[in-house]
Amino acid sequence: MSTEIMVRRCLEMKSKSGMVDDKTSEDALNRFDKYSIPILIPVFGYPSGTHVPYTCTNNSSSLPSIPKMKLLLRRCQTNECPSVDYFSKLCTENDDKDGLRFSLKENYCFRKHSKYPSSIVGSCKGILCLEDFYKTGNIVLWNPVTDELKSLPPSSIECPPDSDSTSFFTGGFVFDARSEDFKVLRHVLNGFAYDDGSYKSTLIQAELYSLKNDSWRRIVKPEEYQWPRSSLPISLNGSCYWKAFDCVVSFNFAEEVFSSLPLPGTNKCNRLLFDMDGKLGSFVITRDLEAVKQKRFDILLWESNKWRWSKVYSFVVKDGIRPLGFWGRDKCFLQGRNRQLLVFDLTTQKMMPLDMEEFSGAQSLVSFEESTVSISKIENNLQSSL
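To convert, take the position in the sequence shown, counting from 1, and add 18; that gives our numbering.
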């Protein structure tokens, strides 16, 4: 039975019992059809034994919180300038009827680095770290407010003369409070091929950048080392995390220690790591085998003291919707089937589509602390402390 049919049956039962009126039922179904969004129905509204398309389990003691950080939405193209990356600031405002609402207020244009599209590495103290999308080793630090840009120096790792290819994957960007320094972790992959061009092997090395020294240095990595295979790395609390083949790898910048966590979910699912109000979270995405063109989003949080992932929310959506990330503990951002931006409030169980200009390309979100800080001034102050 499809989720839409179950939603209709549940709303019909609730309408007959007086739990919801006809207008509420009609509005909910219209939203489901228009945005392909999850319709959240309490479990008790379903007949006994019915597969429930949404299950909400609140394991958090104080669920809503208002973060101090802003959100930047990265967009590959806009109508204004189709060859330049834009970062749109998402602002919040209180609405007497709907509560907290989001709107796009300002675009930061990445004109100084428009030769190729960029990928977000991380954000820290008003500075964004970006790498080029094609993984050729170009990394910059950028303050969107002042438009100041700093290009990081070339890699410290020499390419083997018999290498057939070299790629760079940036693992994280943080401010290390212990050394009072901004640092970037990067993975350097050198590929080797047989004479017929078929794959032979890959040499993986790691290096660490220090803004205080303005240089890279090679660091020791575990023998069984896994670099990021997909999705963006997550940087929080002085460490970075990325999804590898069979585990989640973390790196502590202060200790310069690599470690691993178990992957959330099963082997038959996709995963996306995210920062949920300072805690490591993960979307676990699985296809709904009982319905066509549907998938289930499970939201899990990592509990380091219990060494396990705990599910806190679960809901079903139509295929074509993908998660982007969180703001605070209860605002889930999604990209819709027609590339519309959706905000799903887990506490109020409301979906808010955001009006925005047309664009092409994928979206991504990053938390951002607005600041007029000068990158060059920070660098000079750090170097003077040596």
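Cβ atoms here follow ideal geometry from the backbone N, Cα and C, with glycine treated the same way.
On a predicted model such as this, the values are computed, not experimentally measured, just so you know.
Would you mind working out which of the options sits nearest residue i, comparing C-alpha positions?
i	options	result
R269	T220, G215, R204, N112	In the sequence on display, residue 269 carries Phe and not Arg. With distances taken between Cα atoms, F269 lies closest to R204.
S322	F186, P280, K153	P280
D103	L91, F128, E124	F128
Q17	L383, Y331, I393, N398	Coverage of the chain is limited to positions 19 through 404, which leaves residue 17 absent and any answer about it impossible.
T110	R93, N125, L89	L89
C258	G296, F105, F120	G296
M294	V139, N356, W320	W320
P178	I317, C287, M369, V206	V206
C350	A272, D316, E397, L404	D316
F151	S382, S121, P282	S382
G189	V139, I222, I393, L342	V139
L221	D180, G256, W234, T284	D180
R196	A272, R235, N255	A272
E274	F186, R236, A262	R236
L250	F333, N398, K153, V334	K153
Exposed or buried, what is residue i when buried is set at 16 or more other beta-carbons lying within 10 Å of its beta-carbon?
i	result
S169	exposed
I145	buried
V238	exposed
D232	exposed
N285	exposed
W325	exposed
N161	buried
L404	exposed
Taking a contact to mean a Cβ-Cβ separation below 9 Å, would you say residue i touches residue j in this structure?
i	j	result
G155	D182	no
E241	S174	no
S253	V192	yes
S389	K230	no
L364	Q353	no
L159	I393	yes
R119	S106	no
P172	W234	yes
G256	D194	yes
Enumerate in chain order the residues of its own chain whose CB-to-CB distance from residue i is below 6 Å, with the five nearest sequence positions on each side excluded.
i	result
F386	K88, L90, S141
Q358	P371
I396	none
S121	C109
E124	K107
V391	G144
Q223	I175, V206
T14	Nothing can be reported for residue 14: it is not among the residues displayed for the chain, which extend from 19 to 404.
K329	D316, L318
Keeping to the same chain, check which residues put their C-beta closer than 8 Å to that of residue i; ignore five residues upstream and five downstream.
i	result
F344	F292, D293, M294, D295, G299, C350, F351
Within its chain, find whatever has a CB closer than 7 Å to the CB of residue i; leave out the 5 residues flanking it on each side and keep chain order.
i	result
P282	R289, S300, V302, L318, W327
S228	D199, K201
Q401	K230
S219	F210
L342	F351, L352, Q353, Q381, S382, L383
Could you check whether the Cβ of residue i sits closer than 8 Å to any heavy atom belonging to the ligand HEM?
i	result
W320	This structure does not include the ligand HEM; it has no bound ligands of any sort.
Task: Three or more C-beta pairs below 8 Å linking the stretch 252-266 and the stretch 276-296 - done: yes
Open item on the list: Quick test of the definition: if touching needs 3 or more C-beta pairs under 8 Å, does the stretch 147-167 touch the stretch 211-222?
Closed with: Pairwise C-beta distances place the stretch 147-167 out of contact with the stretch 211-222, as fewer than three of them are shorter than 8 Å.
- [ ] Report yes or no: do the stretch 310-317 and the stretch 328-343 share at least 3 C-beta pairs separated by less than 8 Å?
- [x] yes
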